[in-house]
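Enquirer:
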Amino acid sequence: MRATKATAGGTVRATKATASGTARAGKATARGARGVGKAARKLTYAGGAGRTGLGRLIELSAGNSACDALVTVALASTVFFGVPVGEARGSVALYLVITMVPFALLAPFVGPILDRFRSGRRYVMAGTLFGRGLLCFAMAAAVGPGDLPTLFIGALGVLVLSKAYNVSRAAIMPSVLPADITLVSANARVALFTLVSAGVAVPLGAGLTAWLGSAAILRVAMVGFLLLGVVAVRLPRHVDSPDTEEEGAAPRWRTLLKVGPAVAEAVWANVAIRLFSGFLLFFLLFLVQDEAVPWLAAAEPWARDPFFDIPKTIALLAGAAGLGGLAGAVVANWTRNNAPQLIVLVTLALTAVTAIVTAIFFGVWTALLISLVAAFAQELGKLALDAIVQREIGEEVRSSTFGVVEAVLQLAWVFGGLVGLVLSLTESSLAGLVALAVALTAALGWLLISRRKRVRATKAKLRRQRAEAPADAAPGHPSPGHPSPGHPSPDHAATAHPSTGHASPAHTAPDDASPGYAGPGSSDEVSPYDRTVPNGEQPPRKEKLDSTKPLTNPNG
Numbered sequence: 026m027r028a029t030k031a032t033a034g035g036t037v038r039a040t041k042a043t044a045s046g047t048a049r050a051g052k053a054t055a056r057g058a059r060g061v062g063k064a065a066r067k068l069t070y071a072g073g074a075g076r077t078g079l080g081r082l083i084e085l086s087a088g089n090s091a092c093d094a095l096v097t098v099a100l101a102s103t104v105f106f107g108v109p110v111g112e113a114r115g116s117v118a119l120y121l122v123i124t125m126v127p128f129a130l131l132a133p134f135v136g137p138i139l140d141r142f143r144s145g146r147r148y149v150m151a152g153t154l155f156g157r158g159l160l161c162f163a164m165a166a167a168v169g170p171g172d173l174p175t176l177f178i179g180a181l182g183v184l185v186l187s188k189a190y191n192v193s194r195a196a197i198m199p200s201v202l203p204a205d206i207t208l209v210s211a212n213a214r215v216a217l218f219t220l221v222s223a224g225v226a227v228p229l230g231a232g233l234t235a236w237l238g239s240a241a242i243l244r245v246a247m248v249g250f251l252l253l254g255v256v257a258v259r260l261p262r263h264v265d266s267p268d269t270e271e272e273g274a275a276p277r278w279r280t281l282l283k284v285g286p287a288v289a290e291a292v293w294a295n296v297a298i299r300l301f302s303g304f305l306l307f308f309l310l311f312l313v314q315d316e317a318v319p320w321l322a323a324a325e326p327w328a329r330d331p332f333f334d335i336p337k338t339i340a341l342l343a344g345a346a347g348l349g350g351l352a353g354a355v356v357a358n359w360t361r362n363n364a365p366q367l368i369v370l371v372t373l374a375l376t377a378v379t380a381i382v383t384a385i386f387f388g389v390w391t392a393l394l395i396s397l398v399a400a401f402a403q404e405l406g407k408l409a410l411d412a413i414v415q416r417e418i419g420e421e422v423r424s425s426t427f428g429v430v431e432a433v434l435q436l437a438w439v440f441g442g443l444v445g446l447v448l449s450l451t452e453s454s455l456a457g458l459v460a461l462a463v464a465l466t467a468a469l470g471w472l473l474i475s476r477r478k479r480v481r482a483t484k485a486k487l488r489r490q491r492a493e494a495p496a497d498a499a500p501g502h503p504s505p506g507h508p509s510p511g512h513p514s515p516d517h518a519a520t521a522h523p524s525t526g527h528a529s530p531a532h533t534a535p536d537d538a539s540p541g542y543a544g545p546g547s548s549d550e551v552s553p554y555d556r557t558v559p560n561g562e563q564p565p566r567k568e569k570l571d572s573t574k575p576l577t578n579p580n581g
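Following this note's numbering, the numbering of the sequence shown begins with 26 at its first residue and continues without gaps.
#1: Apply the 10 Å Cβ neighbour rule to Pro170 and answer buried if 16 or more other Cβ atoms are within range, or exposed otherwise.
#2: State the Cα-Cα distance for the pair Ser396 and Arg194, rounded to the nearest angstrom.
#3: With Val296 and Ala437 assumed to form a contact (beta carbons below 8 Å), what rounded beta-carbon distance in angstroms separates them?
#4: Are the Cβ atoms of Ile413 and Val288 separated by less than 7 Å?
#5: Under a three-way DSSP split, which group does Trp320 fall into?
#6: On the criterion of 16 or more Cβ atoms from any shown chain inside 10 Å, does Trp293 qualify as buried, or is it exposed?
#7: Does the beta-carbon distance from Gly441 to Gly303 come in below 7 Å?
#8: On the CB-based measure, 16 or more other CB atoms within 10 Å of its CB, does Leu393 come out buried or exposed?
#9: Along the alpha helix (DSSP H) that carries Ile381, what are the first and last residues, could you check?
#10: Taking only the alpha-carbon atoms, compute the straight-line gap between Ala166 and Ala226 and give it to the nearest angstrom.
#11: When the distance is taken between beta carbons, is Leu253 closer than 7 Å to Ala180?
#12: Between the alpha carbons of Leu243 and Arg214, how many angstroms are there, rounded?
#13: Quick one, are the C-beta atoms of Ser424 and Leu139 less than 7 Å apart?
#14: Quick one: grab the DSSP three-state call for Phe333.
#15: Would you kindly check if the distance between the Cβ of Phe307 and the Cβ of Gly638 is under 7 Å?
#16: Once you ignore the five residues that flank Phe401 on each side, which residues in its own chain have a CB closer than 6 Å to its CB?
#17: If I measure Cβ to Cβ from Ser547 and keep anything under 6 Å in the same chain, skipping five residues before and after, which residues do I get?
#18: Whole angstroms are fine: how far does the CA of Ser210 sit from the CA of Gly75?
#19: Return helix, strand or coil for Leu472, following the three-state DSSP convention.
#20: Could you tell me the distance, in whole angstroms, from the CA atom of Pro199 to the CA atom of Gly72?
#21: Given a cut-off of 7 Å on the beta-carbon distance, is the pair Val135 and Ala196 in contact?
#22: Contact check, Ile298 vs Gln403 under 8 Å by CB: the rounded distance?
#23: Measuring straight from C-alpha to C-alpha, what distance separates Ile206 and Asn212?
#24: Determine the closest residue to Leu208 out of Ser449, Ala357, Leu370, with distance taken between C-alpha atoms.
#25: Taking its Cβ as the centre, do 16 or more other Cβ atoms sit within 10 Å of Ile474, making it buried, or is it exposed?
#26: Look up Arg259 in the DSSP assignment and say whether it is helix, strand or coil.
#27: Provide the residue span of the alpha helix (DSSP H) that contains Met198, from first to last.
#28: Kindly indicate which three-state DSSP category Glu452 falls into: helix, strand or coil?
#29: What is the DSSP secondary structure of Phe134, reduced to helix, strand or coil?
#30: Confirm, please, whether the CB-CB distance from Leu154 to Phe250 is below 7 Å.
#31: Compare the Cα-Cα distances from Gly158 to each of Leu312, Val430, Lys63, Val183 and report the closest residue.
#32: Straight-line CA distance for Gly88 to Ser116?
#33: Between Ala240 and the rest of its own chain, which residues show a CB-CB distance below 7 Å, the 5 nearest in sequence each way excluded?
#34: For Val469 and Ala374, which I take to be in contact (beta-carbon distance under 8 Å), what is that distance rounded to the nearest angstrom?
#35: With Gly428 and Val192 assumed to form a contact (beta carbons below 8 Å), what rounded beta-carbon distance in angstroms separates them?
#36: Ends of the alpha helix (DSSP H) at Asp205?
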C-alpha cells in the first residue's frame, strides 16, 4: 500500500513538474516570438517605411515568399524526389515544359491587364493570393490519387499568379518609397526579408512534409495565402494609382524592343545570369545524384570522402545558394549609391570569371563557390534591374514592362535548366562548365562592345551639334545644339516621372519612330547613364537629382 501511494505521489509530482516545465517553455517561446516580431517590425518600418506603407508591403511579400516555398517543397517531394533518378529527369523536363510553354503565352497579357487596373492594385494583389489559395486546395486533393494533370495545371496557375503578384509589387514600389531610401535599397530590403522567410519555410516545410505528407503542407499554404489576401486589401490606399490615360487613347503595349537602351542592356545581362543559374541548378543536381563528380566518382570506396555523400552534398549546395541570395540582397543595400547599370555589368562579369575558374579547378569547394555566386548574381542583378525599370519606365506601362521582363527571365531560366538536364546525361562536368563559361564570356563581351559603340555615337552626335551651331547665333534664334527653353531638343525632351503616368521619349520609343530597339547599341536613344553634357551647357534638371530615386514622392 505504501509503495502504491509513493508511486502515485511520484507520478503526480512528475506530471506537475512536466506541466510546469511545458508552461515555462511555452511562455519563453512566446516571449522569444514577440521579441523577434518586434525586432522584425522595427527593421521593416525603419527609415520612414512604416509611414509610407513600405513596411506593410515587406511583411506581405515575406509571407507570400514563405507560402510559395511551402508549395515548392510539397510539389518537389511529389514530382521529383518521389521517383528514381532516371525517371526524375523526364518528370522535371515535363514539368518545366508544361508549365513554361503556357506561361510564355500568358505572360505578355499579364502586364497590360495589370496596367488597366492601376486604380485597384491592392485588390489585384489580393486576388493573386486568394487564387493561389484555391489552387493549393485543388492540388492537395490531387496528391492522394496521384492526379498529375491536376498537379501540373495547379502548378501553372500558382506560377502565373505568383508572377502577377511580383509584377504588381514591383510596379507599386515607387508609390511607397520613403524620401530617404533609394529604389535599389527598397528592393533589397524586400528581397532580404523574402529570402529569410523562404529560408525558414523550406526546412520547416520539408520536415512537415516528411511527417504529415504533401497534401497537408498544401493545405497549410492555402490557409496562409487566404490570410495574406486579407492583408493585401488592407494596404494603404495610395498604393492604388489613378488612371491617367486620355479618353479614347489606344492601349500601349510594352515589348522588349521598346524599352530603351538602359533597360534593354540590363535585361539582356540578367537573361545571361538566369541562363547561368538555371543551367547550374539542374546540371550539378543530376551530376551529384549520378555520382559523376570527382569527390563521389572514386572507384574504390576507401578513396571517397566519407563526409561528402549525396544528401550532404545536395544540402551544402542548397545552403551555399541560400547564403548567396542573402549576400546579394545585403550587397544591394550597401551599393545603393552606385549606378544600377554598373552593378548589372559587374555582376555578369563576376559570373563569367567564376564559371571559368570552376571549369579549370572543378571540385567540391569550387562547386560550392559557383552555387553561391549564381544565387548572389541572380539576386543582385535582378534588384538592380528592378530599380532601372522603376526609374526609366512610365507609370502607365510599368506593369507591362515588368510582365515582359519577368516572362523573359523565367523562360531564360527554364531554357538554361533544360540545357543543364541534357548535358548532365554526358556525366562530364568539364563539358558543361566550359560551354557555360564560353556563353557568359560572349554575352559580356557583346554587351560591353555594344555599350561602347552607343557611348561613342552619343559623343559624336554632341560634337556634331556643337560644330553645326553658328558662333554668332542671335538671342532670338537658338542654334540646333542650344535650344531655347520653350523648345527643348530631342535628346533632352521633357521627361515626366513615372508617377505622372507619361513616359518620355528617352524612356520609350515613340509610335511614329523608326523600328524599335533590338538590342544594346542599336538605338539612337540616350539613357541617363550614357548622356554626356557639353562644356558650357546647363545640364537638365534630371541630371542634378539622385538617379535612383523618383522625382516626386507624394508620401515623402
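We put the CB at the ideal spot given by N, CA and C, even for glycine.
Expert: Considering the structure as presented:
#1: Translated into positions along the sequence shown, residue 170 becomes position 145. By the neighbour-count definition (other C-beta atoms within 10 Å, threshold 16), Pro170 is an exposed residue.
#2: Numbered from its first residue, the sequence shown carries residue 396 at position 371. Numbered from its first residue, the sequence shown carries residue 194 at position 169. Roughly 28 Å separates the two Cα atoms.
#3: For the purposes of this step, residue 296 is identified with residue 271 of the sequence shown, where counting begins at 1. For the purposes of this step, residue 437 is identified with residue 412 of the sequence shown, where counting begins at 1. Beta-carbon to beta-carbon, Val296 and Ala437 are separated by about 4 Å, close enough to satisfy the 8 Å threshold.
#4: If you number the sequence shown from 1, residue 413 lands on position 388. If you number the sequence shown from 1, residue 288 lands on position 263. Between Ile413 and Val288, the C-beta gap is smaller than 7 Å, which places the two residues in contact.
#5: Here the question's residue 320 lines up with position 295 in the sequence shown. Correct three-state label for Trp320: coil.
#6: Residue numbering aside, residue 293 sits at position 268 when the sequence shown is read from its first letter. The residue is buried, with at least 16 neighbouring Cβ atoms inside 10 Å.
#7: Sequence index remark: in the sequence shown, residue 441 carries index 416 (1-based). Sequence index remark: in the sequence shown, residue 303 carries index 278 (1-based). The beta carbons of Gly441 and Gly303 sit closer together than 7 Å.
#8: Looking up residue 393 in the sequence shown gives position 368. By the neighbour-count rule (16 or more Cβ atoms within 10 Å), Leu393 is buried.
#9: As a first step, residue 381 is located in the sequence shown; it is residue number 356 there, counting from the start. For Ile381, the uninterrupted alpha helix (DSSP H) segment begins and ends at 365-385.
#10: The residue you call residue 166 lines up with position 141 of the sequence shown. The residue you call residue 226 lines up with position 201 of the sequence shown. Taking the straight line from one Cα to the other gives about 22 Å.
#11: As a first step, residue 180 is located in the sequence shown; it is residue number 155 there, counting from the start. As a first step, residue 253 is located in the sequence shown; it is residue number 228 there, counting from the start. In this structure, Ala180 sits away from Leu253, with a CB-CB distance that is not shorter than 7 Å.
#12: Counting from one through the sequence shown, the residue named residue 243 turns up at place 218. Counting from one through the sequence shown, the residue named residue 214 turns up at place 189. If you draw a straight line from the Cα of Leu243 to the Cα of Arg214, it is about 28 Å long.
#13: Translated into positions along the sequence shown, residue 424 becomes position 399. Translated into positions along the sequence shown, residue 139 becomes position 114. It is a contact, given that the beta carbons lie within the stated cut-off.
#14: Taking the sequence shown and counting its residues from 1, one reaches residue 333 at position 308. The DSSP-derived three-state label of Phe333 is coil.
#15: Summary: the structure shown does not reach residue 638, with the chain confined to residues 26 through 581, and so no result is reported for it.
#16: Looking up residue 401 in the sequence shown gives position 376. The residues Gly349, Ala352, Gly353, in chain order, have a CB closer than 6 Å to that of Phe401 in the same chain once the five nearest residues on each side in sequence are set aside.
#17: Numbered from 1 along the sequence shown, position 522 holds the residue referred to as residue 547. Note that Ser547 scores 40 on pLDDT, short of 50, meaning its location in the model is unreliable and no value can be drawn from it.
#18: Residue mapping note: residue 75 aligns to position 50 of the sequence shown, counting from 1. Residue mapping note: residue 210 aligns to position 185 of the sequence shown, counting from 1. Their backbone Cα atoms lie some 15 Å apart in a straight line.
#19: For the purposes of this step, residue 472 is identified with residue 447 of the sequence shown, where counting begins at 1. Looking at Leu472 - three-state DSSP - the assignment turns out to be helix.
#20: Here residue 199 corresponds to residue number 174 of the sequence shown, with the count starting at 1. Here residue 72 corresponds to residue number 47 of the sequence shown, with the count starting at 1. Each residue's CA atom was taken as its position, placing Pro199 and Gly72 some 15 Å apart.
#21: Residue mapping note: residue 135 aligns to position 110 of the sequence shown, counting from 1. Residue mapping note: residue 196 aligns to position 171 of the sequence shown, counting from 1. No; because the gap between Cβ atoms is not below 7 Å, this pair is not in contact.
#22: Walking along the sequence shown from the start, residue 298 turns up at place 273. Walking along the sequence shown from the start, residue 403 turns up at place 378. That pair is a contact at about 6 Å.
#23: The residue you call residue 206 lines up with position 181 of the sequence shown. The residue you call residue 212 lines up with position 187 of the sequence shown. One C-alpha to the other measures close to 10 Å.
#24: Taking the first residue of the sequence shown as 1, we reach residue 208 at position 183. If we check each option's Cα against that of Leu208, Ala357 comes out closest.
#25: Taking the sequence shown and counting its residues from 1, one reaches residue 474 at position 449. When all chains shown are included, Ile474 counts as exposed.
#26: Counting from one through the sequence shown, the residue named residue 259 turns up at place 234. Coil at Arg259, not helix or strand.
#27: By 1-based counting over the sequence shown, the position of residue 198 is 173. Met198: not part of any alpha helix (DSSP H); DSSP gives it neither H nor E.
#28: The sequence position of residue 452 within the sequence shown is 427, counting from 1. In the structure shown, Glu452 falls within a coil segment according to DSSP collapsed to helix, strand and coil.
#29: Taking the sequence shown and counting its residues from 1, one reaches residue 134 at position 109. Phe134: helix per DSSP, three-state reduction.
#30: Within the sequence shown, the letter at position 225 stands for residue 250. Within the sequence shown, the letter at position 129 stands for residue 154. For Phe250 and Leu154, yes; Cβs fall inside 7 Å.
#31: Stepping through the sequence shown from its first residue, residue 158 is reached at position 133. Ranking Leu312, Val430, Lys63, Val183 by CA distance to the CA of Gly158 puts Val183 first.
#32: Along the sequence shown, one-based indexing puts residue 88 at 63. Along the sequence shown, one-based indexing puts residue 116 at 91. In a straight line, the C-alpha of Gly88 is about 29 Å away from that of Ser116.
#33: Along the sequence shown, one-based indexing puts residue 240 at 215. Only Ala165, Val168, Gly169 meet the Cβ criterion.
#34: The residue you call residue 469 lines up with position 444 of the sequence shown. The residue you call residue 374 lines up with position 349 of the sequence shown. First, the residue type needs correcting, since residue 469 is Leu and not Val in the sequence shown. Contact check for Leu469 and Ala374: beta-carbon distance about 6 Å, within the 8 Å limit, so the pair qualifies.
#35: For the purposes of this step, residue 428 is taken as residue 403 along the sequence shown, with counting starting at 1. For the purposes of this step, residue 192 is taken as residue 167 along the sequence shown, with counting starting at 1. Right, their Cβ atoms sit about 5 Å apart.
#36: Walking along the sequence shown from the start, residue 205 turns up at place 180. Where Asp205 is concerned, there is no enclosing alpha helix (DSSP H), given that its DSSP letter is neither H nor E.
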